[in-house]
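> Encoded as structure tokens, here's the structure I'll be asking about.
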DNA sequence: TTGCGATTCATACGTTCGTATCACATAATA
DNA sequence: TATTATGTGATACGAACGTATGAATCGCAA
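Shown next, in the form of structure tokens:
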């Protein structure tokens, strides 16, 4: 069968959803093929192993995410403006393609080397932000300091809000599914990152 | 045997180390009892189940961590000063008792409800920081805004630096074990959080 | 229609998992 | 000393796991 929705694609889609939601070890091949309406052997046949499917599924979401970040980085304005644009882009994409952040954070929390696709995404995004920071330091919009550390401070906020948003519902009664309320969060984070990086600031 | 280092304690210690390093599902009871030099049945006997041991081990590290935060929150100075003190305390405790952050973030990344001990720690710490923020807004050191959102922006940075530090070694060549270099990071984060929250700021 | 590569399918294998069982050692109590 | 609670130990059990295997089926060129 090679219709518009072949098995290989369904496996990738389902794997992305389940791995993102529950993590690598908590999802079994049997879970995936059941939800994808595929045979038990399909994962081995199309990808070779569970690990390979995991990495392939991550790349599927990682690629557009990285491109989103890269294209937001090209927005007009000062270095600081462009960092803020990237933050907005990263947070607004939460419903779709937001799983890349979750997966990456999970891998970071574990020991051992980062799997290659995660390492690639991290390097790529950090270097984009660091580039914006250096540009901002030259145009005077961003304060002095190690560009790498500043980049991490900027990244930390959207990352944390993304994954903490679930906990917030329980712990603090913040509703995450209400778009208006989430927009308030996005505004806050973008503004907050500006404060974190800005060279000067009044009031 | 009920000497100075009974089986129950050894199990807690080893469980804390392994769960923190690799996550719940990636660690088996057999791994734990092997490293703790205990019998396979020891976990069931002393804790009832693997889950129960996991939660018990988390509480062991969560309690002193929460107390560290609470006591740093009592340091002198403005609200902003006290938030910075908490950030420093949280980051300096990384080598020991830093696992609470890692475990909590991992649970946040998963779906489903937070396990009770994690929920408790999160609520406790967020509410401490939020209290400091509200105090800072009253004494004029911290800018206006939703105290909960501001608290999350403050927390995000030490949290992220803690777990990203491993990835940074690989991705960016930052050495984490060098105390001097780590101190530079702590200084950066503390300063950065001040910038994030401060009401006014010049140069 | 035939033949063949590509895919799907049912099933089996060996391993590892969490937990349960029950005999045994140990230390305190009567 | 006899008894009892408490802990330790070796082993077993059923389930779930990732993967392998070989037959069945499909799509399509010859």
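Residue numbers (the working numbering), protein chains in the order written: chain H, 1 to 203; chain S, 1001 to 1203.
Glycine included, C-beta positions come from ideal geometry on N, C-alpha and C.
(1) Leaving aside the five residues before and after residue 196(H) along the sequence, list all residues of the same chain whose C-beta is less than 6 Å from its C-beta, in chain order.
(2) Grouping DSSP H, G and I as helix and E and B as strand, with all else coil, what is residue 1073(S)?
(3) Anything in chain H within Cβ reach of residue 1066(S), meaning under 9 Å, just list it in chain order.
(4) I need the straight-line Cα distance from residue 74(H) to residue 84(H), nearest angstrom please.
(5) For the region 1023-1104 of chain S, list the alpha helix (DSSP H) runs that are entirely contained and at least 4 residues long, ordered along the chain.
(6) Examine chain S for any beta-carbon lying closer than 8 Å to the beta-carbon of residue 163(H), and answer yes or no.
(7) Is the beta carbon of residue 1090(S) less than 8 Å from the beta carbon of residue 1057(S)?
(8) How about the region 1021-1039 of chain S and the region 1062-1081 of chain S: do they share at least three Cβ pairs that are nearer than 8 Å?
(9) Between the alpha carbons of residue 148(H) and residue 142(H), how many angstroms are there, rounded?
(10) Using beta-carbon positions only, say whether residue 43(H) and residue 53(H) come within less than 8 Å of one another.
(11) Quick check on residue 1049(S): buried or exposed, where buried means 16 or more other Cβ atoms within 10 Å of its Cβ?
(12) Using only CA atoms, which one of 1099(S), 1107(S), 1062(S) lies nearest to residue 1121(S)?
(13) Under the assumption that residue 18(H) contacts residue 35(H) (Cβ atoms under 8 Å), give the Cβ distance between them as a whole number of angstroms.
(14) Among 158(H), 198(H), 178(H), 199(H), which residue has its Cα nearest to the Cα of residue 186(H)?
(15) Along chain H, in chain order, which residues have C-beta atoms closer than 8 Å to that of residue 1102(S)?
(16) Decide if residue 1162(S) is buried, meaning its Cβ has at least 16 other Cβ atoms within 10 Å, or exposed.
(17) Residue 1099(S) and residue 1020(S): beta carbons closer than 8 Å?
(18) Based on the DSSP output, what are the partners of residue 142(H) in its beta bridges?
(19) What did DSSP end up calling residue 1120(S) once you bin it into helix, strand or coil?
(20) Compute the Euclidean distance between the alpha carbons of residue 1103(S) and residue 115(H), then round it to the nearest angstrom.
(21) Interface residues of chain S around residue 196(H) at Cβ under 7 Å?
(22) In chain H, which residues lie with their C-beta within 9 Å of the C-beta of residue 1188(S)?
(23) Using a Cβ-Cβ cut-off of less than 7 Å, list which residues of the region 1007-1041 of chain S approach chain H; keep chain order.
(24) I'd like to check one pair, residue 41(H) with residue 106(H): are the Cβ atoms closer than 8 Å?
(25) Determine the burial state of residue 183(H): buried for a count of at least 16 other Cβ atoms within 10 Å of its Cβ, exposed for fewer.
(26) Distance cutoff 8 Å, beta carbons only. Does residue 1058(S) sit that close to anything in chain H?
(27) Helix, strand or coil for residue 1184(S), going by three-state DSSP, please let me know.
(28) Does DSSP put residue 1018(S) in a helix, in a strand, or in coil?
Well, looking at it:
(1) So the list reads 153, once near-sequence residues are dropped.
(2) In the structure shown, residue 1073(S) falls within a coil segment according to DSSP collapsed to helix, strand and coil.
(3) Per Cβ cutoff of 9 Å: no residues; residue 1066(S) is ~14 Å from chain H at best.
(4) One C-alpha to the other measures close to 12 Å.
(5) Listed in chain order, they are 1029-1035, 1042-1047, 1050-1072, 1079-1092.
(6) The beta-carbon of residue 163(H) is placed less than 8 Å from the nearest beta-carbon of chain S.
(7) Result no, Cβ atoms of residue 1090(S) and residue 1057(S) do not sit closer than 8 Å.
(8) Touching, no, given that fewer than three Cβ pairs across the two stretches are closer than 8 Å.
(9) So the two alpha carbons sit approximately 13 Å from each other.
(10) It is a contact, given that the beta carbons lie within the stated cut-off.
(11) It counts as exposed.
(12) Of the listed residues, the one whose Cα sits closest to residue 1121(S) is 1062(S).
(13) Beta-carbon to beta-carbon, residue 18(H) and residue 35(H) are separated by about 7 Å, close enough to satisfy the 8 Å threshold.
(14) Checked all of 158(H), 198(H), 178(H), 199(H); the closest Cα to residue 186(H) is 158(H).
(15) Result: 109.
(16) The residue in question, residue 1162(S), is buried, as its Cβ has 16 or more Cβ neighbours within 10 Å.
(17) Contact: yes.
(18) Residue 142(H) is bridged to 198(H).
(19) Note: residue 1120(S) maps to helix in three-state DSSP.
(20) Taking the CA atoms as reference points, residue 1103(S) sits about 20 Å from residue 115(H).
(21) For residue 196(H), the residues of chain S that pass the 7 Å Cβ criterion are 1192, 1195, 1196, in the order they occur in the chain.
(22) Per Cβ cutoff of 9 Å: 145, 146, 149, 150, 152, 153.
(23) Flagged, chain order: 1021, 1022, 1023, 1025, 1026.
(24) Contact: no.
(25) Flag for residue 183(H) reads exposed.
(26) Closer than 8 Å: no.
(27) DSSP places residue 1184(S) in helix when its eight states are reduced to three.
(28) DSSP places residue 1018(S) within a helical segment (H, G or I) once states are collapsed to three.
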